[in-house]
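First comes the structure, then the notes that go with it.
Chains as they are written, first to last, in my numbering: chain F, 1 to 420; chain B, 421 to 591.
As structure tokens, this is what we get:
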């Protein structure tokens with residue numbers, strides 16, 4: 001019987017063979033990512049009496065959630081993190097200017113196929129876009145990994161997602177994922193390794209695969225995975241990875257997938273997650289005309305270069321509605337630089353959007369918070385109550401195309417009715 | 421009502437539904453703290469002061485499916501410890517909440533049969549060694565934790581377990 005990717009990746013990381021789903025093993029990750037939670041890890045290791053670090057080169061720190069600092073408390077947390085990184089010679093320290101941890105690590109060649117990567121962020125599933133096993137953990141676990149190099153992991157069962165494409169015009173990977181989450185529910189993939197297969201998935205760019213693997217978490221998955229291929233190698237080479245060091249892992253052709261879910265992409269319309277759960281998903285036709293106060297283009301789900309390009313294509317030569325605030329927060333500094341060089345930034349500003357520094361921004365409630373009764377349409381991955389301000393405000397989630405079209409009209413609008 | 425065994429943790433219950441997410445358990449704006457007691461004052465704040473008052477009087481959080489879904493924030497577990505919660509009994513958990521609970525020493529068990537019968541305010545006792553949830557005269561079994569998880573819980577959390585191990589090695 002063949003092995004799944006997850007079994008192979010955990011056999012590699014644990015040094016054990018013959019693993020089966022359900023087993024618990026000690027696994028040694030290739031990388032431990034901590035974001036703005038880094039200071040919590042440092043406080044924890046201080047509480048432990050500052051034991052020696054297992055491997056400083058496996059530590060990556062990214063100051064992304066609240067950047068730049070808005071209060072002296074947060075400034076102190078950042079300062080503590082900088083000092084710790086310097087004192088311990090941690091070379092993979094990315095400061096408040098870098099952007100969202102996940103995107104930054106991938107852009108800097110720190111994520112490789114077959115790797116096991118843990119992060120203090122649930123959306124660490126995104127590393128599967130490059131064929132790695134990424135999963136979210138708490139800050140105590142990252143701290144323990146700093147010291148011991150390992151963590152306990154349960155070998156997951158595998159769920160296979162098959163998407164029939166191509167998608168109609170105006171429909172994007174985000175819509176496929178919202179449809180999937182709506183269909184299987186917020187716990188539909190809990191504990192599963194979720195693999196995306198099929199010719200449509202193969203046709204996607206790494207950036208689009210990031211959207212798939214990022215959002216798989218919203219169905220509860222432990223990790224997500226797109227089989228590495230030529231596109232993966234292209235991305236890795238472009239981002240400075242020596243391809244001779246890459247050892248991709250894939251499920252065997254006869255591996256057992258406990259579940260298979262199929263999505264009919266060909267007939268999909270744009271999808272919207274309505275308040276206050278990500279699996280509360282409807283076709284856009286059910287919510288057309290819903291008034292929005294704010295449009296947010298940001299997050300590790302949909303603020304990559306291609307996302308900004310899509311938004312700009314709709315906004316070129318147009319103005320957003322006068323009663324809408326539009327915030328665009330590029331996922332990384334590199335993306336922002338490229339968008340500036342290509343004129344995307346100018347297009348967005350001329351349309352009336354405001355650009356912020358790269359990072360998590362409004363998705364994490366850092367800037368762009370809402371007053372009572374307000375509504376945001378967001379390209380992010382969560383619409384939980386109070387996440388972006390007042391507990392009496394609402395978040396709708398959509399693709400960047402829907403966000404752009406809706407910013408122009410001030411209501412939820414089908415991008416297929418607005419010329420790009 | 422008393423504990424089923426000397427190992428049981430429990431008390432008065434507060435009951436929630438399905439898909440209670442970690443933004444509702446502890447809003448992101450409070451993650452600037454790691455003090456469980458301070459965090460506990462904000463636990464379930466989005467659900468309003470009545471729920472928060474009830475929580476303060478409760479020792480067992482009872483929930484439906486997928487409790488703690490969403491963010492990996494460890495404070496979703498520690499805020500409950502800080503407000504005096506001794507155990508969580510749910511139909512199921514998000515994987516990262518479950519990890520965070522065990523790793524911070526919060527007993528979190530999956531026991532749908534118990535959730536079926538528990539009414540808010542009932543006394544509920546959880547014995548993670550015996551693998552039972554006791555509600556009044558009724559007792560419900562759940563699959564006991566694997567040894568590694570039990571060791572972490574017994575030490576009071578992942579970090580505490582490591583500290584004890586280091587202290588033992590040093591002596």
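C-beta: ideal position from N, C-alpha, C; glycine also.
Remember, it's a predicted structure, so these values are computed and weren't measured experimentally.
- [ ] Report buried or exposed for residue 234 of chain F, applying the criterion of at least 16 other Cβ atoms within 10 angstroms of its Cβ.
- [x] Around the Cβ of residue 234 of chain F, a 10 Å sphere holds fewer than 16 other Cβ atoms; the residue is exposed.
TODO: Could you tell me which of B:524, B:536 and B:564 sits nearest to residue 575 of chain B, measuring between CA atoms?
DONE: Residue B:524 is the option with its Cα nearest to residue 575 of chain B.
Open item on the list: DSSP three-state label for residue 507 of chain B, please.
Closed with: Of the three classes helix, strand and coil, the one that applies to residue 507 of chain B here is strand, per DSSP.
- [ ] Compare the C-beta of residue 577 of chain B against all C-beta atoms of chain F and say whether one is closer than 8 Å.
- [x] Yes, its Cβ sits closer than 8 Å to a Cβ of chain F.
Task: Residues of its chain near residue 390 of chain F, where Cβ-Cβ distance is below 8 Å and the 5 sequence neighbours each way are ignored - done: The beta carbon of residue 390 of chain F sits closer than 8 Å to those of 369, 370, 371, 372, 373 and 374, all from its chain and outside the five residues before and after it, given in chain order.
Task: Closest by C-alpha distance to residue 115 of chain F, when choosing among F:345, F:248, F:288 and F:379 - done: It is F:248 whose Cα lies nearest to the Cα of residue 115 of chain F.
TODO: Verify the CB distance criterion: does residue 447 of chain B have a CB-CB separation below 8 Å to chain F?
DONE: Yes, residue 447 of chain B counts as interfacial toward chain F.
Task: Assigned secondary structure, residue 99 of chain F (DSSP; H/G/I helix, E/B strand, else coil) - done: If DSSP states are grouped into helix, strand and coil, residue 99 of chain F belongs with the strands.
Task: Neighbour flag for residue 531 of chain B against chain F, beta carbons, 8 Å - done: Output row for residue 531 of chain B: interface = no.
- [ ] Alpha carbon to alpha carbon, how far is residue 471 of chain B from residue 461 of chain B? Give it in angstroms, no decimals.
- [x] Rounded to the nearest angstrom, the two C-alpha atoms are 12 Å apart.
Task: Straight-line gap, residue 260 of chain F to residue 252 of chain F (C-alpha atoms, nearest Å) - done: For residue 260 of chain F and residue 252 of chain F, the distance between alpha carbons rounds to 16 Å.
Task: Local conformation of residue 472 of chain B per DSSP, three classes - done: In the structure shown, residue 472 of chain B sits in a helix (DSSP, three-state: H, G or I).
- [ ] Compute the Euclidean distance between the alpha carbons of residue 440 of chain B and residue 517 of chain B, then round it to the nearest angstrom.
- [x] Per the coordinates, the alpha-carbon of residue 440 of chain B lies some 11 Å from the alpha-carbon of residue 517 of chain B.
Task: DSSP bridge partner residues for residue 379 of chain F (one or two, in chain order) - done: DSSP output for residue 379 of chain F lists no bridge partner at all.
Open item on the list: To test your reading of the DSSP string, which unbroken beta strand (DSSP E) runs of 3 or more residues are found completely within the stretch 20-62 of chain F?
Closed with: Counting only runs of 3 or more residues that sit fully inside the stretch 20-62 of chain F, the beta strand (DSSP E) segments are 24-27, 31-34 and 59-62, in chain order.
Task: Alpha carbon of residue 427 of chain F to alpha carbon of residue 231 of chain F, nearest angstrom - done: This structure cannot settle anything about residue 427 of chain F, because the visible part of chain F is limited to 1 through 420.
- [ ] Taking residue 534 of chain B as the reference, give the member of B:527, B:521 and B:552 with the closest Cα.
- [x] For the set B:527, B:521 and B:552, the Cα lying nearest the Cα of residue 534 of chain B is the one of B:552.
TODO: Closer than 9 Å by beta-carbon distance: list the chain B residues that pair up with residue 150 of chain F, in chain order.
DONE: Under the 9 Å cutoff, chain B gives no residues; its nearest Cβ is about 11 Å from residue 150 of chain F.
TODO: Please classify residue 412 of chain F: is it buried, with 16 or more other beta-carbons within 10 angstroms of its beta-carbon, or exposed?
DONE: Buried, by the Cβ-count rule.
Task: Residues that residue 397 of chain F bridges to, as DSSP identifies them - done: Answer is F:273 and F:378, bridged to residue 397 of chain F.
Open item on the list: Within the continuous alpha helix (DSSP H) that includes residue 294 of chain F, where are the two ends?
Closed with: Run containing residue 294 of chain F: none in the alpha helix (DSSP H); it sits in the beta strand (DSSP E), 294-297.
Task: chain F contact for residue 591 of chain B (CB, 8 Å cutoff) - done: For residue 591 of chain B, no CB of chain F lies under 8 Å from its own CB, so it is not counted at the interface with that chain.
Open item on the list: Taking 8 Å as the cut-off, does the stretch 162-169 of chain F touch the stretch 60-80 of chain F (at least 3 CB pairs, one atom from each stretch)?
Closed with: Short answer: they don't touch.
Open item on the list: Residues of chain F with CB closer than 9 Å to the CB of residue 551 of chain B, please, in chain order.
Closed with: For residue 551 of chain B, no chain F residue has a C-beta closer than 9 Å to its own C-beta; the minimum C-beta separation is roughly 17 Å.
Task: Pairwise C-alpha distance: residue 529 of chain B and residue 457 of chain B - done: Across the structure, residue 457 of chain B and residue 529 of chain B are spaced so that their CA atoms are roughly 23 Å apart.
- [ ] Would you kindly report the start and end of the unbroken beta strand (DSSP E) that includes residue 560 of chain B?
- [x] For residue 560 of chain B, the enclosing beta strand (DSSP E) begins and ends at 558-561.
Open item on the list: Any C-beta of chain B within less than 8 Å: which residues of the stretch 360-377 of chain F qualify?
Closed with: Taking 8 Å as the Cβ-Cβ cut-off, the stretch 360-377 of chain F approaches chain B at 364 and 365, given in chain order.
Task: Proximal chain F residues relative to residue 524 of chain B, where beta-carbon distance stays under 7 Å - done: The answer, in chain order, is 140.
- [ ] Report the rounded CA-to-CA distance for residue 457 of chain F versus residue 183 of chain F, giving the unit in angstroms.
- [x] Residue coverage of chain F in this structure runs from 1 to 420, which leaves residue 457 of chain F outside it and unanswerable.
Open item on the list: Looking at the secondary structure, which residues open and close the beta strand (DSSP E) in which residue 388 of chain F lies?
Closed with: It is not in any beta strand (DSSP E) - residue 388 of chain F carries neither H nor E in the DSSP assignment.
Open item on the list: Tell me which residue opens and which closes the alpha helix (DSSP H) that residue 181 of chain F is part of.
Closed with: Residues 173-184.
- [ ] Return the residues of the stretch 10-25 of chain F that lie within a Cβ-Cβ distance of less than 8 Å from chain C, sorted by chain order.
- [x] Absent here is chain C; the protein component of the structure consists of chains F and B.
- [ ] Please list the partners that residue 586 of chain B has in chain F, where partner means a Cβ-to-Cβ separation under 7 Å.
- [x] Proximity of chain F to residue 586 of chain B at the Cβ level (cut-off 7 Å) is accounted for by 51, in chain order.
TODO: Could you work out which residue in F:19, F:75, F:100 and F:25 is closest to residue 35 of chain F when comparing CA atoms only?
DONE: Comparing Cα-Cα distances from residue 35 of chain F to each of F:19, F:75, F:100 and F:25, the minimum goes to F:100.
Task: Host alpha helix (DSSP H) of residue 571 of chain B (start-end) - done: Segment 567-575, the alpha helix (DSSP H) holding residue 571 of chain B.
Open item on the list: Can you tell me which residues form a DSSP beta bridge with residue 499 of chain B?
Closed with: None; residue 499 of chain B has no bridge partner.
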